[in-house]
Amino acid sequence: MATDSSSVGADFLRAVLQGAPPGAVYALVALGFVLTYQTSGVFNLAFGAQAYVSAAMYFKARLIWGWPTVWAVLLSVVVLAPLVGLALELLIFKHLRSASAVSKLVVAIGLAVALPNLFDIITSFKPASGVTPVGVVPGGADVFYSVFGLYRFSRNELVDMGVALVAVIGLGAVFRFSPIGLRMRAVVESARMTELNGIAASRVAAFSWALSSLFAGVAGVLIAPRFNTLGSSDFFSLMVVAIAAAAVGSLASLPLALAGGLGLGIVIAELNTFLPRWGTDSAWVRTVQDNLTPSVPFLVLFAVLALVPGIRRAQGAGDPLSGVEPPPTARAGRPDPRRAMAMRLLGAAVVAGGGAVVLTRGDQLWVYQVTQAVVIAIIFLSVTVITGTGGQISLCQGAFAAIGACTVYQLAVRYDMSVLVAMLLGGLVAAAVGAFLSLPVRRLGGIWTAIATLAFAYFFDAVMIKLSWVGGGAASLLRGTAVPRPRLGPWDLSHENTFLVFAAVVLAVVAAAVVALRSGTFGRSLIALRGSEVGAQSIGISAARTRLTAFAVSAFIAGLGGGLLAISQRDVNYGANFTPFAALFWTVLVVALGSRSVPGALIAAAAFALFEPLVLGGAVVGWLTRERHPLPSLFPIDGKWLFILFGLAAIQFARHPEGLVEYGLSGRSRPARPGQPAIGGNRS
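Take any residue in the sequence shown, note its place counting from 1, add 178, and you have its number in my numbering.
Structural data, given as structure tokens:
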């Protein structure tokens, strides 16, 4: 008995030591996230992208150019990282100080998509599979130091833990004792008030962004050796884990962020140590082990957001002096009905003409591409409901779509159900999940809804999709997740042209339903909540019930579209279609082009599916020049420009939340008369 107790104690201590290095990694990113939030007031989801840029620059300088470690670190961390922060502040966030927290969040999401691809294009960076940077100390991954014979720390791990400890002490001292720390926090609270006190708010803000970006560079370079291959999506996933650690300290406490990161690493190590011992004879315990440990960070984040009241109050209040200067003259005027109608008729004509050409003269590849655009448009309409109408940023639409796709696979393949019936049931299952998810998050609002839904998306990606009754489990790796094409009466939907017509009919029905919802009582209630929750409740609108319905309707549309996408591609293709980072770009694209209108979602879907082959691939130029002009030799252009262009386009959201499509459809020749709303304001 004493031996068993001694063994348990030794294993417990060994797990603590084993969990400390990954916990230090989480803590490093969490500290940087708290630093960015406390010094800029921005919930910076682009922090992982900034870390990736420095890590990739270090990789290129150290391994490709053969620079010494010191010079590679100086270039990637001391020079490049602060320059990136300064550029973000001077070019973007300087002009968004009075913008809402949600607007800043959308801009940060766009940057998270655009920055890594922009760096890759500018530097011609192409990471090699299985090749990662070496650590910043010699023999970092090969030299180990044993602690009481229980666990051996590598030099890289010791550096990570040491930097995390030094960072929390140094940053705490800056915030508490230095004048610049006080000024940085003052600028976040009110830039105008600090300027009245004789402080150059712009310089302080620039220093804040340079410092936070420097920290992103440090974190990126130290973390890079932990990945087999550098990828921006891995850095974004790590940042989501770090948000859970930062949330433990309510995004304000550096020591608690450090403790949260270390705690996450240690808890995961303890579970990995003891669950296998308990699960020797219990299959259900093994199942818990396989699915619990990957989900711990996301469960912690979701629990903190839903259960800790302080986290909801962590978002900064608006600048009390933001209105002391008259607002700039609105560039947009009153919508011109004739112009808007002409543009809509022109758009309908283009769609009808293009569809006719594709159906009659298009080859199989172009019919497939257009079909993907039509199906993706259905999924994008779910963003129109939850974001455009409801004003909520949901980052789990990819998970809802995946639920619909997986339901089709399970019911049609395993239970021989009609594929079309399974598609409808997939939408209903997604709606039930969306309604259940809304229960803990419907009272969060603002950026916290976005973060909670992002946590759910990563939980689904880490746990749910791996279950046999959801994504097929291990069997799907061998057999795939093939989905058949059905027959609908006399029409065989296995024919590409027939399926395109069927998908277009489904899209038309869903679009008409969304228009009806927006113009009905439900839509007007959502728009009222988007404008003022207090005002909406004062006239009898239940915010909780309305948002629950919005989540359910949005999830149903996404699930329906996901099921149709699986049928179209004859496979679920989860990794290619529905991963959290891929679905993040969906939100960026729809918000940039127009989340408040059906045409905005349709054009966003067309851009997603057709922009690369038509524009970047050179098809349009080829058609215009008939291949006799030298311009086609410049094509194809790198597909990463799709993410760069539309990621950067999200920057305009703060000024034009209606999106570029609706802004372009609205006439700007006539100024708005007194009492009429400006473009981008709440409208029914």
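All residues carry an ideal CB built from backbone N, CA and C; glycine is no exception. No experiment lies behind these values; they were computed from the predicted model shown.
Query                                                                                                                             : Result
Rounded separation between residue 632 and residue 418 - CA only                                                                  : 8 Å
Inter-residue Cα distance where the pair is residue 762 and residue 565                                                           : 13 Å
Exposed unless 16 or more other CB atoms sit within 10 angstroms - verdict on residue 355                                         : exposed
Minimum length 3: unbroken beta strand (DSSP E) runs contained in the stretch 288 to 350                                          : 322 to 325 and 329 to 332
Cβ-based burial, residue 185 [other Cβ within 10 Å; buried from 16]                                                               : exposed
Own chain, CB closer than 8 Å to residue 188, minus 5 neighbours either side, in chain order                                      : 328
Residue 767 versus residue 317: straight-line alpha-carbon distance, rounded                                                      : 44 Å
Simplified DSSP assignment, three categories, for residue 851                                                                     : Residue confidence is low: residue 851 scores 42 on pLDDT, short of 50, so the model does not pin down where it sits. Its coordinate-derived value is still stated next. It is coil, neither helix nor strand.
Residue 627 classed as buried or exposed, judged by whether at least 16 other C-beta atoms fall within 10 angstroms               : buried
Residue 669 - partner residues in DSSP beta bridges                                                                               : 666
Residue 190 versus residue 255 - alpha carbon distance                                                                            : 37 Å
Best match in 560, 800, 217 and 429 for proximity to residue 735 [C-alpha to C-alpha]                                             : 560
Limits of the unbroken alpha helix (DSSP H) element including residue 605                                                         : 597 to 619
Cβ shell of residue 617 (< 8 Å), same chain only, five flanking positions each side left out                                      : 726
Best match in 398, 604 and 588 for proximity to residue 229 [C-alpha to C-alpha]                                                  : 398
Check: residue 700 C-beta below 8 Å from any heavy atom of the ligand ZN                                                          : For the structure depicted, the ligand ZN is absent and the ligand set is empty, with no information on it obtainable.
Length of the line joining the Cα atoms of residue 412 and residue 816                                                            : 21 Å
Three-state secondary structure assigned by DSSP to residue 412                                                                   : helix
Beta-carbon contacts of residue 289 that lie in its chain and below 6 Å, excluding the five residues immediately before and after : 224
Limits of the unbroken alpha helix (DSSP H) element including residue 752                                                         : 752 to 755
Spatial distance of residue 720 from residue 429 (CA atoms)                                                                       : 30 Å
Residue from 639, 597 and 285 with nearest C-alpha to residue 266                                                                 : 285
Alpha helix (DSSP H) runs wholly inside the stretch 225 to 273, at least 4 long, in chain order                                   : 225 to 237, 247 to 251 and 259 to 269
Span separating the alpha-carbon of residue 711 from that of residue 279                                                          : 16 Å
Proximity to residue 550 [Cα-Cα], best of 247, 739 and 624                                                                        : 739
First through last residue of the alpha helix (DSSP H) which encompasses residue 636                                              : 624 to 640
Residue 238 versus residue 538: straight-line alpha-carbon distance, rounded                                                      : 49 Å
Residue 427 burial status per 10 Å Cβ neighbour count (16 or more: buried)                                                        : buried
Cβ shell of residue 639 (< 8 Å), same chain only, five flanking positions each side left out                                      : 577, 757 and 758
Proximal residues to residue 451 (C-beta, below 6 Å), its chain only, five neighbours per side dropped                            : 189 and 193
Helix, strand or coil at residue 783 [DSSP, three-state]                                                                          : helix
At least 3 beta-carbon pairs within less than 8 Å: the stretch 346 to 363 vs the stretch 210 to 221                               : yes
Residues of its chain near residue 692, where Cβ-Cβ distance is below 7 Å and the 5 sequence neighbours each way are ignored      : 559, 562, 563 and 776
Three-pair Cβ contact test at 8 Å for the stretch 772 to 791 versus the stretch 824 to 838                                        : yes
Those residues which DSSP pairs with residue 594 across a bridge                                                                  : DSSP lists no partner for residue 594.
Residues bridged to residue 749 [DSSP beta-bridge criterion]                                                                      : 660
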